[in-house]
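Undergrad: Residue numbers (my numbering), protein chains in the order written: chain A, 56 to 359; chain B, 1463 to 1756; chain C, 5 to 533.
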Amino acid sequence: MELSHKKLRRARGDVIYDTIIFIILTFLFLIVAYPLYFVIISSISDPIEVSAGKVVLTPVGFTLDGYKEVFKTRTVVRGFVNSLIITILGTSINLLVTIPTSYALSRPDFTLKRPITLFYILTMFVSGGMMPTYIIVRSTGLLNTWWALVLPGCLGVYNMIVARTFFKTNIPLELMEAAKLDGCGNTKFFIYVVLPLSGAITAILCLYYGVGHWNSYFSALIYIQKRELWPLQLELRNILVMNTSVATKQVMTEAELLEKRRLDALKEMMKYSLIIISSIPVLVIYPFVQKHFVKGVMIGSVKG
Amino acid sequence: MRGNWDLLLFCVPGMVFTIIYHYIPIYGVQIAFRNYKMKKGIWGSEWVGLKNFAKFFNSADWWVLVRNTLILSLYSLAAGFPVAVILALMLNSFRHKRYRKVIQAVTYAPNFISTIVMCGMLILFLSPRVGVVNNVIRALGGETINFMAEISMWRHIYVWSGVWQGMGWSSVIYFAALAGVSPEYHEAAIVDGATKFQRVLHIDLPFLAPTMTMLLIMNMGSVLSVGFEKAYALQNDLNLPVSDIIATYTYRRGIIDRDISYSSAVGLMNSIVNSILLVTVNYITGKLSDNALF
Amino acid sequence: MKKLALVLAALLLFSSVSALAADWNETGLPIVNEPYSFSIFLDDSGLPEDKIMFPIIEEATGITIDWRMAPYQVQTEKLGIELSSGDYADVIAGWTLGDKDLIELGMNEQTFLPLEDLFEKYGPNIMEVLEKPGVRASMTLPDGHIYSVPYVVAEPEVFYIPYINAQWLDRLGLELPTTPEELKEVLIAFRDQDANGNGDPADEIPFSGDPNNLDISKLSGWWGVDAAGAKNQFPYFALVDGKLTFNANTEGYKQFIEYFADLYKEGLIDPEIFTQDVATWSAKGKQDLYGVDISYGPSDAYDDFPEDTEEYVTYVKNAMHPLPVLKGVENPVYHRTTPGVTLFRTQAVITDKCDEEKQAIITRWFNYLYEADVSQQTSTGPLGICMIKLDEGLYQETDQSDWSEEQKEKYSWGNRFANSLPRYYHDNKVLPFGKDEPDPDLQNEMKMELYGPYLNEFFPQVWSTSEDDTSRAAEIRADLESYIKNKTAQWIAGQADVDAEWDAYCEQLNAYGLEELTEINRRALGEAE
Chain A
56 MELSHKKLRR ARGDVIYDTI IFIILTFLFL IVAYPLYFVI ISSISDPIEV SAGKVVLTPV
116 GFTLDGYKEV FKTRTVVRGF VNSLIITILG TSINLLVTIP TSYALSRPDF TLKRPITLFY
176 ILTMFVSGGM MPTYIIVRST GLLNTWWALV LPGCLGVYNM IVARTFFKTN IPLELMEAAK
236 LDGCGNTKFF IYVVLPLSGA ITAILCLYYG VGHWNSYFSA LIYIQKRELW PLQLELRNIL
296 VMNTSVATKQ VMTEAELLEK RRLDALKEMM KYSLIIISSI PVLVIYPFVQ KHFVKGVMIG
356 SVKG
Chain B
1463 MRGNWDLLLF CVPGMVFTII YHYIPIYGVQ IAFRNYKMKK GIWGSEWVGL KNFAKFFNSA
1523 DWWVLVRNTL ILSLYSLAAG FPVAVILALM LNSFRHKRYR KVIQAVTYAP NFISTIVMCG
1583 MLILFLSPRV GVVNNVIRAL GGETINFMAE ISMWRHIYVW SGVWQGMGWS SVIYFAALAG
1643 VSPEYHEAAI VDGATKFQRV LHIDLPFLAP TMTMLLIMNM GSVLSVGFEK AYALQNDLNL
1703 PVSDIIATYT YRRGIIDRDI SYSSAVGLMN SIVNSILLVT VNYITGKLSD NALF
Chain C
5 MKKLALVLAA LLLFSSVSAL AADWNETGLP IVNEPYSFSI FLDDSGLPED KIMFPIIEEA
65 TGITIDWRMA PYQVQTEKLG IELSSGDYAD VIAGWTLGDK DLIELGMNEQ TFLPLEDLFE
125 KYGPNIMEVL EKPGVRASMT LPDGHIYSVP YVVAEPEVFY IPYINAQWLD RLGLELPTTP
185 EELKEVLIAF RDQDANGNGD PADEIPFSGD PNNLDISKLS GWWGVDAAGA KNQFPYFALV
245 DGKLTFNANT EGYKQFIEYF ADLYKEGLID PEIFTQDVAT WSAKGKQDLY GVDISYGPSD
305 AYDDFPEDTE EYVTYVKNAM HPLPVLKGVE NPVYHRTTPG VTLFRTQAVI TDKCDEEKQA
365 IITRWFNYLY EADVSQQTST GPLGICMIKL DEGLYQETDQ SDWSEEQKEK YSWGNRFANS
425 LPRYYHDNKV LPFGKDEPDP DLQNEMKMEL YGPYLNEFFP QVWSTSEDDT SRAAEIRADL
485 ESYIKNKTAQ WIAGQADVDA EWDAYCEQLN AYGLEELTEI NRRALGEAE
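Here you go:
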């Protein structure tokens, strides 16, 4: 009698709890999803309808003009392609540098691991500043090239630590010792054993580094003088965030005003489509890597 | 070490680039103590000692900057931290596995949106006449709010958009940690008649305590280093009193006003303070658990 | 070994000498006889490959320019980076430089080079501009040198004024207001009644303004004090009885703020007036939502109607009329923007990256740009396509009415040339297609009729003499101007109370260094006289 009474109470309390968190989670889900959804439907709607607030749940006045305008804008297309190249180049270098380093630092028998780790940790504390770094970049001939965006900072300390912990927990020492007994050297072991086991961490690093490159603009602002080499985010910044394309003391003749208005109107039409297009690569890679997240983050930060 | 020289080789390329592009430029820290003139170069510029630092503290600005920076990071922490934990707890105790995966996938996504796109979206959504937020407000019978102009709103916009963007991602750590809760605890609790809610409160939450503490403390270490990109993108003439933080100030003074020495000095001070905080915080974390970074 | 070294040295010397001397001409075209290039850094929202006149000029001069173009806001950042790092171009042009830069980087550090000798030797067209009244004096820095290429444009004497919607006045049976109180009545009527005749009495915005150069502080002139903050050599200062006076802390200014704060509170002012961007402002204008609108020309917020259309007549002639200078006091004033001609004196500089020969070639290039035909084409379009030449100084546009959309865009105004580079139009006249007379400047006529009598005195352009003065002035001004602009916006928008804060505000102005700035400005003016 008593037991079934308890069971009933438990079930009811649980049901209430479950319902509540269902509602809350759905609410959070909508809060995150709706703005993204809104951007999507606005990008295929008539801009006037969007401004007037008519676009709420479905596109209104279906049009692909926004996208057409984006593709017509050579600076944006060029920036997109540039960013693709920079991201692939940069991420490759990141991986080439980070994975071997992290593996080496994960080996307990590597006597230099403490000093080298310290060497990297210290970079989080001291930095020369923008101008001296610029001077070095310039004297190594990287100015106005994409190497300036990709070589300095090619090893991200946080990412290295995540990778190091991955190797620590996933490459058991016994494996290494067994291999050694078989006469396998470090390099061979790394190439034939470690790398094949590193799918998850490689995917995660690709995402972290890749998104980092794709989203960055500051280095390009400083080191790149030729507009042909600009990454996408710099062009985006012009259109989405910076609102004055004209100096305040500029001679505003009639013709100039007309021109400015024409340009501004074009910009307005593009904004939503631009947001979608600039996020495409990330959106494409994201689902593939997403399943590794929990595992990756877990190994990266919390010990067992 | 004898057998492991090839491991050293693994590390060499990274170290070489780091030395060239990070350690060597450190010689330039002295710009903060000189009156840098482009033509004279770093070595040729006149040494002025602490004059640039004095200039900063004598100006009307420094307290406003520090205050703005602190408020933004503490507010962000106070808002984002509980949200991430609660989200993880809820997700973990959620029954529908498939739906949960969908929710997770969607909430993680905003983390990867670039700052520029994020700010672009904010500016679009909050626009008084054409923005969707105000359209909704008006549809509900309210008055248009000019968000970007209101000083009182700026910090809230900054922080809560940050929470929106990061809550999913921040919750992953806790969610992953919760996977380590031994099912026996829950089974025992069920036998004792505990409701789900009680189980979450008394098992899951305490289990997260060490992780929470560690992350909280670590975040405190970067409390004065609010990044400049988002604040700069959302700044305008009207909200400057609250939106000007140390990083944006350093940027404006250095790049637009070309006062390189002054901006270096401010930046250097910021770095020093941040480093002290980080070391202290790491020390404390190290004492409390084994989870120090180094 | 020694012999080899000598031979090598000689070869080196020979090759370096011959590399130095380019094959160029001191007069006539082309300017160079072999491939030659120099770099120009400037702000422009377009791309070099779209500019129609570039290849034409390149063909004539033989010089290929290395264009470093990007939109204005980015270029202000890049300029800072480039000048600080030392990696700047041969020529820096456009809107990014200011007076302070010419003094600091020209006069003091010689990063920008003195040009007056070059103009004399190689730039007869440029000399013509220099000889115009007052130009040489304004262009010459205190050390006696000229550091930039003069850019002179004929400009209206009044720029941005408030326009009032006369159609709305008609529809509601109202009179043109002559005082601020009358204006308030009219604005209330606009707000409450269906002034634009669309059936909805609530959608009218009684008062708004173009975000470009929205300097609402100008309207303090209605109370007799000119406190214009923009397009003013000494923002918030004006000449009162020949003496330079600061006006943003006067009783008149306070009255101006109280008036507008009151209007704002009553919902008579566009809530977005301080934050909207041009697209938003223009979108609302297109829907005929503005009762009073501050802008450069009357039809700016509306669609650009061609001049002989009914819409043009409707809007320019019948709709938006200049609002008269309202009499808040017996003798109001209005800010005079130019004396009829404006000199931009920081438009193009030659940097020390150029050796003497390059400086000469660049001067010749600018001189070519300053030819009557060339300059005119950069504005109106290439000869033979967009216009034809009827006579010296007289041109006529071609018939472009049957052009396709692509053609129109290809030859659109923004794609003709880089519009932030200086030019010289030589008093050219351009006739529209099919007409014998150029169009009268209706806008200017209307404005001058109403505003002429109230325009205040113009002070001559000066340079601050000492570096300390300039940098100190810049520091104080930075704090002062952003503070005033901020507080004015806050008070008007009702975020703060001007009565309660006025005394603190005046004190804060002094704390920022107002007295010192006034002294510096007076010194600068005094020495010019």
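Built from N, CA and C at the ideal position, the CB exists for glycine as well.
When the Cβ atoms of the segment 253–266 of chain C are set against those of the segment 221–229 of chain C, are three or more pairs found closer than 8 angstroms?
TA: yes
Undergrad: Straight-line CA distance for residue 103 (chain C) to residue 221 (chain A)?
TA: The alpha-carbon atoms of residue 103 (chain C) and residue 221 (chain A) are separated by roughly 58 angstroms.
Undergrad: Would DSSP call residue 1582 (chain B) helix, strand or coil?
TA: helix
Undergrad: Can you check whether the CB of residue 1712 (chain B) is closer than 8 angstroms to the CB of residue 1693 (chain B)?
TA: no
Undergrad: Please state whether DSSP places residue 250 (chain C) in a helix, a strand or coil.
TA: strand
Undergrad: Evaluate residue 507 (chain C) with the Cβ neighbour count: other Cβ atoms within 10 Å of its Cβ, from every protein chain shown; 16 or more gives buried, anything less gives exposed.
TA: Per the 10 Å Cβ criterion, exposed.
Undergrad: Let's test the definition: count the other Cβ atoms within 10 Å of the Cβ of residue 473 (chain C) and tell me whether it reaches 16, buried, or not, exposed.
TA: buried
Undergrad: Please classify residue 295 (chain A): is it buried, with 16 or more other beta-carbons within 10 angstroms of its beta-carbon, or exposed?
TA: Buried, since its Cβ has 16 or more Cβ neighbours within 10 Å.
Undergrad: Thinking C-beta only, is residue 276 (chain C) closer than 8 angstroms to residue 1497 (chain B)?
TA: Taking 8 angstroms as the Cβ cut-off, residue 1497 (chain B) and residue 276 (chain C) do not qualify as a contacting pair.
Undergrad: Is residue 1735 (chain B) closer than 8 angstroms to residue 1686 (chain B) when the C-beta atoms are compared?
TA: yes
Undergrad: Taking only three categories from DSSP, how would you classify residue 1500 (chain B)?
TA: coil
Undergrad: Pair every Cβ in the segment 33–44 of chain C with every Cβ in the segment 60–68 of chain C, then say whether three or more of these pairs are closer than 8 angstroms.
TA: yes
Undergrad: Identify whether residue 35 (chain C) lies in helix, strand or coil by the three-state DSSP scheme.
TA: Correct three-state label for residue 35 (chain C): coil.
Undergrad: Using alpha carbons as the reference points, say which of B:1585, B:1733, B:1543 lies closest to residue 1674 (chain B).
TA: B:1543
Undergrad: Looking at the strands, I want to know which residues DSSP matches up with residue 243 (chain C).
TA: Beta-bridge pairing links residue 243 (chain C) to C:248.
Undergrad: Can you check which of these residues, A:129, A:279, A:109, is closest to residue 53 (chain C) by C-alpha distance?
TA: A:129
Undergrad: Would you call the CB atoms of residue 152 (chain A) and residue 1572 (chain B) closer than 8 angstroms?
TA: Contact: no.
Undergrad: To the nearest whole angstrom, what separates the beta carbons of residue 183 (chain A) and residue 1672 (chain B), a pair I think is in contact under 8 angstroms?
TA: Their Cβ separation, rounded to whole angstroms, is 37 angstroms, which puts residue 183 (chain A) and residue 1672 (chain B) out of contact at 8 angstroms.
Undergrad: From residue 248 (chain C) to residue 237 (chain C), what distance separates their C-alpha atoms?
TA: Inter-residue distance for residue 248 (chain C) and residue 237 (chain C) is about 11 angstroms (C-alpha atoms, whole angstroms).
Undergrad: For residue 26 (chain C), which residues of its own chain have a beta-carbon under 7 angstroms away from its beta-carbon, when the five flanking residues on both sides are left out?
TA: 36, 38, 40, 361
Undergrad: Between A:278, A:262, A:272, A:315, which has its C-alpha nearest residue 423 (chain C)'s C-alpha?
TA: A:315
Undergrad: Output, in chain order, the set of chain B residues within a Cβ distance shorter than 8 angstroms of residue 85 (chain C).
TA: 1717
Undergrad: In the DSSP assignment, find the unbroken alpha helix (DSSP H) run with residue 278 (chain C) in it and report its ends.
TA: From DSSP, residue 278 (chain C) is part of no alpha helix (DSSP H); its letter is neither H nor E.
Undergrad: For residue 1614 (chain B), is the classification buried or exposed, using 16 other Cβ atoms within 10 angstroms of its Cβ as the cut-off for buried?
TA: exposed
Undergrad: For the segment 176–190 of chain A, which residues have a CB atom closer than 9 angstroms to at least one CB atom of chain C, in sequence order?
TA: Taken in chain order, the members of the segment 176–190 of chain A whose beta-carbon sits within less than 9 angstroms of a beta-carbon on chain C are 185, 186, 189, 190.
Undergrad: How is residue 248 (chain A) classed by DSSP in three states: helix, strand or coil?
TA: helix
Undergrad: Just mark residue 1756 (chain B) as buried or exposed, buried being the case when its beta carbon has 16 or more other beta carbons within 10 Å.
TA: Caution is warranted here: a pLDDT of 48 is assigned to residue 1756 (chain B), below 50, making its placement in the model unreliable, and no coordinate value can be reported.
Undergrad: Report the three-state DSSP secondary structure of residue 1618 (chain B) (helix, strand or coil).
TA: In this structure, residue 1618 (chain B) counts as helix in the three-state DSSP scheme.
Undergrad: Between the segment 102–120 of chain C and chain B, which residues of the former have a C-beta closer than 8 angstroms to a C-beta of the latter?
TA: Correct list: 113, 115.
Undergrad: Using 8 angstroms as the limit for Cβ to Cβ distance, is residue 1730 (chain B) near chain C?
TA: no
Undergrad: Can you tell me whether residue 72 (chain C) is helix, strand or coil according to DSSP?
TA: Looking at residue 72 (chain C) - three-state DSSP - the assignment turns out to be strand.
Undergrad: So residue 69 (chain A) contacts chain B; which residues on that side make the cut at Cβ distance below 9 angstroms?
TA: The contacting residues are 1657, 1658, 1659.
Undergrad: Interface residues of chain A around residue 1733 (chain B) at Cβ under 8 angstroms?
TA: 180, 181, 182
Undergrad: List, in order along the chain, the chain B residues whose C-beta lies closer than 9 angstroms to that of residue 493 (chain C)?
TA: 1611, 1699, 1700
Undergrad: How far does the alpha helix (DSSP H) with residue 269 (chain A) in it extend, from its first residue to its last?
TA: Per DSSP, the unbroken alpha helix (DSSP H) holding residue 269 (chain A) starts and ends at 254–270.
Undergrad: Tell me the residue span of the alpha helix (DSSP H) that contains residue 211 (chain C).
TA: No alpha helix (DSSP H) contains residue 211 (chain C), which is instead part of the beta strand (DSSP E) from 209–213.
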